[in-house]
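Here's the structure, in structure tokens; my notes come after.
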Amino acid sequence: MYDKFHDECGVFGLYGHQEAANLAYLGQLPIHTLKLAGPFMAGISDPADMRTPQLLRVLVELAHVYGLTVTAESVENTAQLRRLQEAGCDDGQGWLFAPAQPPDVIPSFVHAPPWISA
Numbered sequence: 008m009y010d011k012f013h014d015e016c017g018v019f020g021l022y023g024h025q026e027a028a029n030l031a032y033l034g035q036l037p038i039h040t041l042k043l044a045g046p047f048m049a050g051i052s053d054p055a056d057m058r059t060p061q062l063l064r065v066l067v068e069l070a071h072v073y074g075l076t077v078t079a080e081s082v083e084n085t086a087q088l089r090r091l092q093e094a095g096c097d098d099g100q101g102w103l104f105a106p107a108q109p110p111d112v113i114p115s116f117v118h119a120p121p122w123i124s125a
């Protein structure tokens, strides 16, 4: 049903509690960060995909209007990083920066990130 509705109408729905799913309530939620999920990142580095970069810019701008920072998950290559930087994304996480680490290693990443040269 979803695929047929989506293909015919071009509509994407936010599901969950009606109040929480409405973008008009974004500024009223007790949040400080909008996180872009990993699957969204797949289209970011595809030069043929013109919609995803435009959507990325809109989402980042919307988040910034509400005073939120934007963090992108699953940043795996420099093309994705470049597009995120161009869109004004605040933070990224993923294999481009480092593989998953045990908790005891995290403090050293905060004080001396391995991807930043001294």
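If you want this note's numbering, it's the 1-based position in the sequence shown plus 7. Note that beta-carbon positions come from the ideal geometry of N, C-alpha and C, so glycine has one too. On a predicted model such as this, the values are computed, not experimentally measured, just so you know.
Three-state class that DSSP yields for residue i in the structure shown
{"i": "valine 67", "result": "helix"}
{"i": "valine 82", "result": "coil"}
{"i": "glycine 4", "result": "The structure shown does not extend to residue 4, since the chain spans only 8 to 125, so no value can be given for it."}
{"i": "glycine 101", "result": "coil"}
{"i": "leucine 36", "result": "coil"}
{"i": "histidine 24", "result": "Confidence is the limiting factor: at histidine 24 the pLDDT is only 45, short of 50, which leaves the residue's position unreliable and the question unanswerable from this model."}
C-alpha distance - residue i paired with residue j, whole-angstrom precision
{"i": "leucine 33", "j": "leucine 103", "result": "30 Å"}
{"i": "valine 82", "j": "methionine 57", "result": "18 Å"}
{"i": "glutamine 108", "j": "alanine 119", "result": "14 Å"}
{"i": "glutamate 80", "j": "glutamine 35", "result": "24 Å"}
{"i": "isoleucine 38", "j": "alanine 31", "result": "14 Å"}
{"i": "glycine 95", "j": "leucine 75", "result": "12 Å"}
{"i": "valine 77", "j": "phenylalanine 116", "result": "20 Å"}
Reference residue i; option with closest CA among the options
{"i": "glutamine 92", "options": "Tyr73, Pro110, Val72, Pro60", "result": "Pro60"}
{"i": "glycine 99", "options": "Leu30, Asp111, Val67, Ala31", "result": "Val67"}
{"i": "tyrosine 73", "options": "Leu41, Ala86, Pro114, Val117", "result": "Leu41"}
{"i": "alanine 3", "options": "Val112, Leu63, Leu69", "result": "Since the first residue shown for the chain is 8 and the last is 125, residue 3 is missing from the structure and cannot be characterised."}
{"i": "serine 52", "options": "Ala86, Leu69, Ile113, Ala105", "result": "Ala86"}
{"i": "histidine 71", "options": "Asp111, Ala105, Asp97", "result": "Asp97"}
Beta strand (DSSP E) segment containing residue i, residue limits
{"i": "leucine 75", "result": "Segment: none, leucine 75 is in no beta strand (DSSP E) and carries neither H nor E."}
Extent of the continuous alpha helix (DSSP H) to which residue i belongs
{"i": "histidine 118", "result": "113–118"}
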